[in-house]
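Heads up: the structure comes next, in structure tokens.
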Amino acid sequence: MYGGKKNAKVHGHPAADAGETTSLLSTGDSDSGHELKRLKSYQWWAYSVTFGAYFMAHFSRKCYSTVKPQLKTEAGLNQNVLSEMDSVFMATYALGSFISGRLGDTYRPTTIIAIGLLGSGVCLFAMTIGILFEFEKASESFGNLFYLSTYFIFGFFQSSGGPVGTAIMGNWFCDPDSKKNRGLIFGTWTCHQYLGDIIAAVCTAVLLHYKVVYWWSLIIPAICNLAWGFLCMYGLTPEPEEMGIDTSSFNAKKSSAAKPAAGTPVAPAKPIGFMDALMIPNVAGYAFAFGFFKLTNYVLFFWLPYFLSLHFDPSTANLVSTLYSFGMMPGGIIVGKVSDIFGGRRACVIACFQVLLVPLLWVMAETSETLPIGAMMTMLCCMGILIGGPNNILTSAVAADLSEHPSIKGNSKR
Numbered sequence: 318m319y320g321g322k323k324n325a326k327v328h329g330h331p332a333a334d335a336g337e338t339t340s341l342l343s344t345g346d347s348d349s350g351h352e353l354k355r356l357k358s359y360q361w362w363a364y365s366v367t368f369g370a371y372f373m374a375h376f377s378r379k380c381y382s383t384v385k386p387q388l389k390t391e392a393g394l395n396q397n398v399l400s401e402m403d404s405v406f407m408a409t410y411a412l413g414s415f416i417s418g419r420l421g422d423t424y425r426p427t428t429i430i431a432i433g434l435l436g437s438g439v440c441l442f443a444m445t446i447g448i449l450f451e452f453e454k455a456s457e458s459f460g461n462l463f464y465l466s467t468y469f470i471f472g473f474f475q476s477s478g479g480p481v482g483t484a485i486m487g488n489w490f491c492d493p494d495s496k497k498n499r500g501l502i503f504g505t506w507t508c509h510q511y512l513g514d515i516i517a518a519v520c521t522a523v524l525l526h527y528k529v530v531y532w533w534s535l536i537i538p539a540i541c542n543l544a545w546g547f548l549c550m551y552g553l554t555p556e557p558e559e560m561g562i563d564t565s566s567f568n569a570k571k572s573s574a575a576k577p578a579a580g581t582p583v584a585p586a587k588p589i590g591f592m593d594a595l596m597i598p599n600v601a602g603y604a605f606a607f608g609f610f611k612l613t614n615y616v617l618f619f620w621l622p623y624f625l626s627l628h629f630d631p632s633t634a635n636l637v638s639t640l641y642s643f644g645m646m647p648g649g650i651i652v653g654k655v656s657d658i659f660g661g662r663r664a665c666v667i668a669c670f671q672v673l674l675v676p677l678l679w680v681m682a683e684t685s686e687t688l689p690i691g692a693m694m695t696m697l698c699c700m701g702i703l704i705g706g707p708n709n710i711l712t713s714a715v716a717a718d719l720s721e722h723p724s725i726k727g728n729s730k731r
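If you read the sequence shown in the numbering used here, its first letter stands for residue 318, the second for the next number, and so on.
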């Protein structure tokens, strides 16, 4: 009659507690493995769609600069207006980056990216309408105002891809293995912008070679932007939690944090403010460095095809300009991998690239008009590596690193 009591579990006994703990740990490990497997299975899709979204943004952005000579000779835009279009674009792009980042924290991030792509497509269609109906030739003042206004709005739409896309990537690549190789992962991911630049230049070169009307260089990226915008809106989940994936099960930092009792409502985290972000260690330094790289990059981005068209026919000029973008792709991978090897010390690697870039910029400024074509092409590749490497990592891996700083206290609205 004592058999039941003999086999009963005696709570508090060391052997019984050890067995129960082992059972719980086994269950926890099993759950963690299952959640990690689900996360890994979706990472490739999140990577691909966000890669494509920023690829489309640069595809549409670069196509305009590849047809600058035609906009001047055939559409009637003078060089001052083209320069002003670049200026208003950069102004609204810079301002829009702050706004888009906050909107991505406040609303569904994939919707913000989709709106940016859809709006970009509409702006390119509007520019094409202006070209077809010869707004500039009908009224120079109205034409100038129309193109400047369109590109002013275009800058806001284009700004959504960078900050929001990086946040989505950070949400999905949050497991320990991904964090260990974050520089390499984001270094390859940020090739999207340069691949977009290359395809845009090749697309325009092919169209011009086969005597296709140049404004198709605006129509094609407009259609692609619209299509990818709908894919982002309806085919991409912005964070694992929306799919029921518990990332805290394999994220030591999150799992060690105090959790609310069951049934206790959890208030949504508020997005951190601009000044709060600026107070994070190293943010100000990285921001200044990024500003210098962006300035140099966009000078070449907007004007390189036009400058080369003075030495080559338009088709060849666009193909030669791709050497700069080709150099930027391995640059990001090199900086990412090297900084991973040195334990995520990305600032040292970025500083070395900056020092090497300065003499090349001086040589380019002094001898660009007399430089032999072979030396010019080699210099474009080298400058692409030295500019693209730090630029890629600053916009991705560094941003993801800073978003996990202890001062943010686990707030994902960054």
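No residue lacks a Cβ here, since even glycine has one placed at the ideal position from N, Cα and C.
Within its own chain, no residue has a Cβ closer than 8 Å to the Cβ of S400 once the five positions on either side in sequence are excluded.
Remark: fewer than three beta-carbon pairs, one from each stretch, lie closer than 8 Å, so the region 517–524 and the region 592–605 are not flagged as touching.
DSSP places Y641 within a helical segment (H, G or I) once states are collapsed to three. Three or more beta-carbon pairs drawn from the region 699–719 and the region 469–488 are found closer than 8 Å, and the two stretches are therefore classed as touching.
Closest in alpha carbon position to M645, among K611, C669, G421 and L703, is L703.
Per the C-alpha coordinates, the member of G472, T445, D657 and S404 positioned closest to V530 is T445. Residue nearest to L535 within the set D494, L640, T409 and R378 is R378 (criterion: CA-CA distance). V655 and G701 have their C-alpha atoms some 17 Å from each other. Contact between the region 464–476 and the region 404–416 is present: three or more C-beta pairs spanning the two stretches fall below 8 Å.
Taking 9 Å as the cut-off, the Cβ atoms of V652 and I667 count as close. Its Cα nearest to that of F605, the residue A664 stands out among L435, G436 and A664.
The Cβ atoms of Y359 and T554 sit closer than 9 Å to each other.
Taken in chain order, the whole alpha helix (DSSP H) runs of length 4 or more contained in the region 476–552 are 478–489, 493–497, 499–506, 508–526 and 533–552. For A668, the enclosing alpha helix (DSSP H) covers residues R663 to T684. In this structure T423 is exposed. Its beta-carbon is surrounded by fewer than 16 other beta-carbon atoms within 10 angstroms. By the criterion of at least three beta-carbon pairs nearer than 8 Å, the region 434–454 is in contact with the region 384–402. In this model, A518 and L636 are separated by some 6 Å (Cα to Cα). Taking C-beta separations shorter than 6 Å and ignoring five residues to either side along the sequence, the partners of N488 in its chain run E556, following chain order. Taking 9 Å as the cut-off, the beta carbon of V439 is found closer than this to the beta carbon of A539.
For S414, the uninterrupted alpha helix (DSSP H) segment begins and ends at Q396 to T423. In the DSSP assignment, N709 falls within the unbroken alpha helix (DSSP H) covering I690 to T712. Between F503 and G649, the gap from beta carbon to beta carbon is short of 9 Å. I430 and C549 do touch by the CB rule: their CB atoms are close to 5 Å apart, below 8 Å.
Where I429 is concerned, the enclosing alpha helix (DSSP H) starts and stops at P426 to L449. A straight-line Cα-Cα distance of about 9 Å links A717 and R499. Comparing alpha carbon positions, the residue from L627, M694, Y641 and R662 closest to P386 is L627. For H628, the secondary structure class from DSSP, reduced to helix, strand or coil, is coil. Burial check for I658: the Cβ neighbour count within 10 Å stays below 16, so the residue is exposed. For T554, there is no enclosing alpha helix (DSSP H), as DSSP marks it with neither H nor E. Closest option to K528, judged by alpha-carbon separation, among T367, S632, T564 and N614: S632. Boundaries of the alpha helix (DSSP H) harbouring P386: K385 to T390, taken from the DSSP string. Cβ neighbours of A374 within its own chain (closer than 6 Å, five residues either side excluded): Q475 and G478. DSSP places F452 inside the alpha helix (DSSP H), whose first and last residues are F452 to A455. Taking 9 Å as the cut-off, the beta carbon of Y468 is found no closer than this to the beta carbon of E453.
When DSSP states are grouped into helix, strand and coil, F659 belongs to the coil group.
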